[in-house]
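Colleague: Residue numbers (the numbering used here), protein chains in the order written: chain A, 458 to 572; chain B, 210 to 294; chain C, 5 to 36. Beta carbons are placed, not taken as given, at the ideal position from N, Cα and C, and that holds for glycine. One structure, as structure tokens, below. Some questions next.
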Amino acid sequence: MEAEVDKLELMFQKADSDLDYIQYRLEYEIKTNHPDSAGEKNPVTLLKELSAIKSRHQALYARFKPVSVEQKETKSRICATLNKTMTMTQELQKQTVLELSLRTDDEKAVAEQLT
Amino acid sequence: SDLEQLCSHVNEKIGNIKKTLSLRNFGQEPALKNILSKIGAEIIIVNELLNEFELEIQYQEQTNASLKELCESLEEDFKDVEHLK
Amino acid sequence: TLKADISILLDKARLESQESIGFIKATKVLMK
Numbered sequence: 458m459e460a461e462v463d464k465l466e467l468m469f470q471k472a473d474s475d476l477d478y479i480q481y482r483l484e485y486e487i488k489t490n491h492p493d494s495a496g497e498k499n500p501v502t503l504l505k506e507l508s509a510i511k512s513r514h515q516a517l518y519a520r521f522k523p524v525s526v527e528q529k530e531t532k533s534r535i536c537a538t539l540n541k542t543m544t545m546t547q548e549l550q551k552q553t554v555l556e557l558s559l560r561t562d563d564e565k566a567v568a569e570q571l572t
Numbered sequence: 210s211d212l213e214q215l216c217s218h219v220n221e222k223i224g225n226i227k228k229t230l231s232l233r234n235f236g237q238e239p240a241l242k243n244i245l246s247k248i249g250a251e252i253i254i255v256n257e258l259l260n261e262f263e264l265e266i267q268y269q270e271q272t273n274a275s276l277k278e279l280c281e282s283l284e285e286d287f288k289d290v291e292h293l294k
Numbered sequence: 005t006l007k008a009d010i011s012i013l014l015d016k017a018r019l020e021s022q023e024s025i026g027f028i029k030a031t032k033v034l035m036k
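Below is the structure:
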């Protein structure tokens, strides 16, 4: 049984290396028949560039996603902290009977924008 | 699942060979040559888009850093007000 | 479609950046 398994494994390895060799020979033939020139690239080069673009796109998307999520989280944390601080400041101003400093128009607009 | 993995591995290689085979005579026909050069031009444009996208991500990472700084200083402010209270 | 995907992501990233810069400015006004 052991011998059979080893034989199968060898067959698979042979098939794998045959496939690699066929791929290599095809690419070699295309590159030889259609060498890359300045204006034109051969199909094999284009195929490789396409797969490079796809993997780069996936890598950049994987990098972009967490940055975007983190940004939203930080912004909501800022809003929450800002609201808490402003509420507490106004309470303090009331308690110390200090005159409430009136907000300028643009402060009001910005506060509305943030909430 | 090992056998399935092996099967998909072999199938993937066969798929690549088929793809490459279909491209074998690609460069000889003028019309298909035209398609090749268009694909080449598109690849250049997409690469430039990816470059821009990467720059934008770097910029967002910097913006993130300044947002975090802002958040920390606001939390310091809040602690001060709490302390005042 | 890959090109369209990347363009959409690029626009989204740009929009988010602009929003964040506006947000930081607004917050700094209130902090003063």
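#1: Considering Cα atoms alone, identify which of Arg534(A), Ser533(A), Thr538(A) and Lys532(A) is closest to Asp286(B).
#2: Rounded to whole angstroms, what is the Cα-Cα separation between Tyr518(A) and Lys277(B)?
#3: Give the secondary structure of Asp477(A) by DSSP, where H, G and I count as helix, E and B as strand, and everything else as coil.
#4: For Pro492(A), which of Tyr268(B), Ile254(B) and Phe235(B) has the nearest alpha-carbon?
#5: Under 8 Å, with one C-beta from each stretch per pair, do the region 543-554 of chain A and the region 11-22 of chain C reach the 3-pair mark?
#6: Determine the closest residue to Glu20(C) out of Lys529(A), Leu504(A) and Lys565(A), with distance taken between C-alpha atoms.
#7: DSSP state of Glu497(A), grouped into three classes?
#8: Is it a yes or a no for the region 248-265 of chain B touching the region 215-231 of chain B, going by three-plus beta-carbon pairs under 8 Å?
#9: Does Gly249(B) come within less than 8 Å of chain A when only Cβ atoms are used?
#10: Starting from the beta carbon of Asp562(A), find every residue of chain C whose beta carbon is closer than 9 Å, and list them in chain order.
#11: Quick one: list the residues of chain B neighbouring Ala17(C), beta-carbon separation under 7 Å, in chain order.
#12: Can you find the residues in the same chain that come closer than 7 Å, C-beta to C-beta, to Val33(C), ignoring five residues on each side of it along the sequence?
#13: At the 8 Å Cβ level, is Glu213(B) part of the contact set with chain A, yes or no?
#14: Between the alpha carbons of Cys536(A) and Tyr268(B), how many angstroms are there, rounded?
#15: Alpha helix (DSSP H) containing Met35(C): first to last residue?
#16: Straight-line CA distance for Gln515(A) to Glu569(A)?
#17: When we look at the beta-carbon of Ala17(C) and count the other beta-carbons within 10 Å, is it buried (16 or more) or exposed?
#18: At which residues does the alpha helix (DSSP H) containing Thr272(B) begin and terminate?
#19: Would you call Ser24(C) buried or exposed, if buried means 16 or more other Cβ atoms sit within 10 Å of its Cβ?
#20: How long is the line joining the alpha carbons of Ser210(B) and Lys464(A), rounded to whole angstroms?
#21: With a threshold of 8 Å between beta carbons, is Leu539(A) in contact with chain C?
#22: Taking only the alpha-carbon atoms, compute the straight-line gap between Leu279(B) and Glu270(B) and give it to the nearest angstrom.
#23: Would you say the beta carbon of Ile487(A) comes nearer than 7 Å to a heavy atom of the ligand SAH?
#24: Using a Cβ-Cβ distance cut-off of 8 Å, determine whether Val594(A) contacts chain C.
Modeller: This is what the structure holds:
#1: Thr538(A)
#2: 22 Å
#3: helix
#4: Across the set Tyr268(B), Ile254(B) and Phe235(B), the C-alpha of Phe235(B) shows the shortest separation from the C-alpha of Pro492(A).
#5: The region 543-554 of chain A is not in contact with the region 11-22 of chain C.
#6: From the listed residues Lys529(A), Leu504(A) and Lys565(A), the smallest Cα separation to Glu20(C) is found for Lys529(A).
#7: Note: Glu497(A) maps to coil in three-state DSSP.
#8: no
#9: At least one CB atom of chain A sits nearer than 8 Å to the CB of Gly249(B).
#10: Neighbours of Asp562(A) on chain C: none; closest Cβ ~11 Å, over 9 Å.
#11: Phe262, Glu265, Ile266 and Gln269
#12: Excluding residues within five positions, none has a Cβ falling inside 7 Å.
#13: no
#14: 22 Å
#15: Per DSSP, the continuous alpha helix (DSSP H) segment holding Met35(C) begins and ends at Leu6 to Met35.
#16: 38 Å
#17: When all chains shown are included, Ala17(C) counts as buried.
#18: Pro239 to Leu293
#19: buried
#20: Taking the straight line joining both Cα atoms gives about 20 Å.
#21: yes
#22: Near 14 Å, if we compare the C-alpha coordinates of Glu270(B) and Leu279(B).
#23: The model on display carries no ligand, and the ligand SAH is accordingly not part of it.
#24: What is shown of chain A runs 458 to 572, which leaves residue 594(A) out entirely.
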